[in-house]
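All letters in the sequence shown, in the order written, are residues 1 to 299 by my numbering.
All C-beta atoms in this analysis are idealised placements derived from N, C-alpha and C, irrespective of residue type, glycine included.
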Amino acid sequence: MSFDAIVVGGSYAGLSAALQLARARRKVLVMDSGQRRNRFAEHSHGFLGQDGRAPGAIAADARAQVMAYPTVEWVDATAAGGSGVVNDFIVSAESGARYQARRIVLAAGVVDTLPDVPGLAERWGKHVFHCPYCHGYELDQGRIGVLASSEMSMHHALMLPDWGSTTLFLNGAFTPDADQLMQLMQRGVTIEREPIRQLSGASIEVELTDGRVIPLDGMFTLTRTSPASPLGAQLGCAMEDGPMGPFLQTDMFKETTVSGVFACGDVARATGSVALAVGDGAMAGVGAHRSLMFGTGHG
1 MSFDAIVVGG SYAGLSAALQ LARARRKVLV MDSGQRRNRF AEHSHGFLGQ
51 DGRAPGAIAA DARAQVMAYP TVEWVDATAA GGSGVVNDFI VSAESGARYQ
101 ARRIVLAAGV VDTLPDVPGL AERWGKHVFH CPYCHGYELD QGRIGVLASS
151 EMSMHHALML PDWGSTTLFL NGAFTPDADQ LMQLMQRGVT IEREPIRQLS
201 GASIEVELTD GRVIPLDGMF TLTRTSPASP LGAQLGCAME DGPMGPFLQT
251 DMFKETTVSG VFACGDVARA TGSVALAVGD GAMAGVGAHR SLMFGTGHG
């Protein structure tokens, strides 16, 4: 099967890109593995017009709207391989099916590697989060923990006092220097140096190795991220090093360093949210359509 564009990833960024291409009456295939990054969260916040809705409901509505366009096809499949050059790309699914396209939009997102703390994984997206703008308000200025995973956690610790009383759990991840300690003090952050034994409780209680238990209303931590799909690497797209992990390098039209390959959403930016993913996807869709009309910007 041949398409104008294959969009790898059918979540917010990918659907936004597909919508722009569909409205330009281009033939589009969306390949999706069904693994949205925010599938662990009950509610999505900060996306205008959709604030507070279930993430799956937002994605389902978006899919229905995109699939109403007759030039769009959908396949529930994991893209396992990518090869070729501009105007003649091949994307293969794990099933062995092969699809040809003139352009590719990579929007499969990233995978989070969580800090190795017992009890954290089962609370991820419910009581442990990564984005204060997405989940901080709902903690109602309560007791907030920051679980350090590296020195980058200073950013979280200095931000979160705007959302509640904040405790930074160093947990052996790093030792703040004098300047950092002063910054934390000025923001009213409590520093806890005792290592964490586990997280427990119906919501979240931090059990320390010295036997103390610190109840919280929510906790934030930085994960380590990696691309959820191997296609960017297989196609030769250059990566950038971000604070949480590598992401695909793109230009202003979301084209990667490989002609005809575009990328959007969390896989193509250092940090992300639903709102940013949708904006990224719109630009990638426009960029891909622009290159179909006028030629690609890389050779």
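Exposed unless 16 or more other CB atoms sit within 10 angstroms - verdict on residue i
i: R26; result: buried
i: R37; result: buried
i: M293; result: exposed
i: G52; result: exposed
i: G242; result: exposed
i: H300; result: For residue 300 there is no data in the structure shown, the boundaries of the chain being 1 and 299.
i: V105; result: buried
i: D88; result: exposed
i: T296; result: buried
i: H45; result: buried
i: L235; result: buried
i: L48; result: exposed
i: G299; result: Legend: pLDDT at G299 = 41, less than 50; position of this residue unreliable, no value from coordinates given.
i: Q35; result: exposed
i: S11; result: buried
Nonlocal neighbours in the same chain, by C-beta distance under 7 angstroms from residue i, ignoring five residues either side
i: W124; result: F40, L114
i: F169; result: G145, V146, L147, A148, E192, I196, V206
i: L120; result: L114, V128, L199
i: A84; result: Checking the sequence, you will find Gly at residue 84 rather than Ala. The residues are I90.
When the options are compared against residue i, the one with the closest alpha-carbon
i: S150; options: L222, T271, A64; result: L222
i: Q13; options: T225, V286, E73; result: Reading off the sequence shown, one finds Ala at residue 13, where the question assumed Gln. Here the closest residue by C-alpha is V286.
i: A6; options: H156, G96, A108; result: It is worth fixing the name first, because residue 6 is Ile in this sequence and not Ala. With distances taken between Cα atoms, I6 lies closest to A108.
i: G265; options: S259, A277, T256; result: A277
i: M1; options: K126, F247, A93; result: A93
i: P302; options: V189, A288, V258; result: This structure cannot speak to residue 302, because the chain is shown only from 1 to 299.
i: A228; options: D210, Q50, F3, A263; result: A263
i: M185; options: G272, G34, D280, L158; result: L158
i: T167; options: R187, S259, M152; result: R187
i: A275; options: A24, M31, M244, P55; result: P55
i: F220; options: A57, S153, L29, A282; result: S153
i: H156; options: Q65, E122, Y133; result: Y133
i: P246; options: Y69, A268, T256; result: A268
i: T225; options: G281, V213, L248, T209; result: L248
i: S33; options: A64, S95, Q50; result: S95
Boundaries (first-last residue) of the beta strand (DSSP E) holding residue i
i: I204; result: Element bounds for I204: n/a, residue is neither H nor E.
i: G145; result: 143-147
i: R23; result: First-last for R23: 12-23, but that is the alpha helix (DSSP H), not the beta strand (DSSP E).
i: A263; result: 261-263
i: P252; result: Looking at the sequence itself, residue 252 is Met, so the reference to Pro does not match. Taken as a continuous stretch (DSSP letters only), M252 belongs to no beta strand (DSSP E), as it is neither H nor E.
i: D241; result: 239-241
i: Y99; result: 98-106
i: M182; result: M182 -> not in any beta strand (DSSP E); alpha helix (DSSP H) instead, spanning 178-186.
Own chain partners of residue i with C-beta closer than 6 angstroms, once the 5 adjacent residues on each side are dropped
i: S165; result: R143
i: A62; result: L15
i: S203; result: H127
Nonlocal neighbours in the same chain, by C-beta distance under 8 angstroms from residue i, ignoring five residues either side
i: L139; result: W163, G164, D217, G218
i: G172; result: P195
i: R290; result: F253
i: Y137; result: H45, W163
The alpha helix (DSSP H) enclosing residue i, as first and last residue numbers
i: F294; result: 274-294
i: A228; result: Counting along the chain, A228 falls outside any alpha helix (DSSP H), and DSSP gives it neither H nor E.
i: S153; result: 153-159
i: G56; result: 55-67
i: P115; result: From DSSP, P115 is part of no alpha helix (DSSP H); its letter is neither H nor E.
i: P132; result: 132-135
Near the ligand ZN: residue i beta-carbon under 8 angstroms from a heavy atom
i: T71; result: Absent from the structure shown: the ligand ZN. Ligands present: none.
**OP:** For the stretch 39-56 and the stretch 16-24, state whether three or more C-beta atom pairs, one from each stretch, are separated by less than 8 angstroms.
**Re:** Flag = no, the stretch 39-56 and the stretch 16-24 do not touch.
Original post:
Any contact of the stretch 242-257 with the stretch 77-89, i.e. 3+ C-beta pairs under 8 angstroms?
Top reply: No, the stretch 242-257 does not touch the stretch 77-89.
**OP:** Tell me, please, whether the stretch 85-103 touches the stretch 69-77 by the rule of three or more beta-carbon pairs shorter than 8 angstroms.
**Re:** Yes: at least three Cβ pairs fall under 8 angstroms.
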